[in-house]
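The numbering of the sequence shown is my numbering, which starts it at 5 and goes up by one.
Just so you know, even glycine gets a beta-carbon here, dropped at the ideal spot from N, CA and C.
Notes follow once the structure below has been shown.
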Amino acid sequence: MYNYGECEICNTPLQERNIQQDFWIKGRLVVIENAPAGVCPKCGEKVVNAQVGERIAVLLKDSKRIDRAPTISVPLIKYEIETSVV
Ligand SMILES: [Zn+2]
5 MYNYGECEIC
15 NTPLQERNIQ
25 QDFWIKGRLV
35 VIENAPAGVC
45 PKCGEKVVNA
55 QVGERIAVLL
65 KDSKRIDRAP
75 TISVPLIKYE
85 IETSVV
């Protein structure tokens, strides 16, 4: 088990979790599942170690893999200054 140390923001010991991370790659939103990361239980800060970061970079460069991957649909909403409440 990798020791992630403490959160840089609030100094809480980080806990190892498998997380989802999203990346915009050439205009496409790509989500990587089950990436091991250190997560701060207090403020939610996420840290990946160098090895995981390199692996994620390799996965994101593999456009054939991305083309073959299952897709999900996500909500898309427009930013509005204020929604009128009736
Ligand atoms: Zn924190």
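Host beta strand (DSSP E) of residue i (start-end)
| i | result |
| --- | --- |
| isoleucine 29 | 19–29 |
Reduced DSSP category for residue i - H, G, I as helix; E, B as strand; rest coil
| i | result |
| --- | --- |
| arginine 10 | Per the sequence presented here, residue 10 reads as glutamate, with arginine not at that position. Strand. |
Beta-carbon proximity check, residue i vs residue j, cutoff 8 Å
| i | j | result |
| --- | --- | --- |
| arginine 49 | isoleucine 13 | Per the sequence presented here, residue 49 reads as glutamate, with arginine not at that position. Their beta carbons are under 8 Å apart, which means glutamate 49 touches isoleucine 13 by this criterion. |
| isoleucine 60 | alanine 39 | yes |
| valine 62 | leucine 33 | no |
| leucine 18 | cysteine 44 | yes |
> Listed in chain order, which residues are found with a beta carbon closer than 6 Å to a heavy atom of ligand 1?
Replying inline: The set of residues with any CB-heavy atom separation to ligand 1 below 6 Å comprises, in chain order, Cys11, Ile13, Cys14, Thr16, Cys44, Lys46, Cys47 and Glu49.
>> Report the start-end ranges of each alpha helix (DSSP H) in the region 19–87 that is 4 residues or longer and not cut off at the edges.
In response: For the region 19–87, whole alpha helix (DSSP H) runs of length 4 or above, ordered along the chain, are 54–65 and 67–72.
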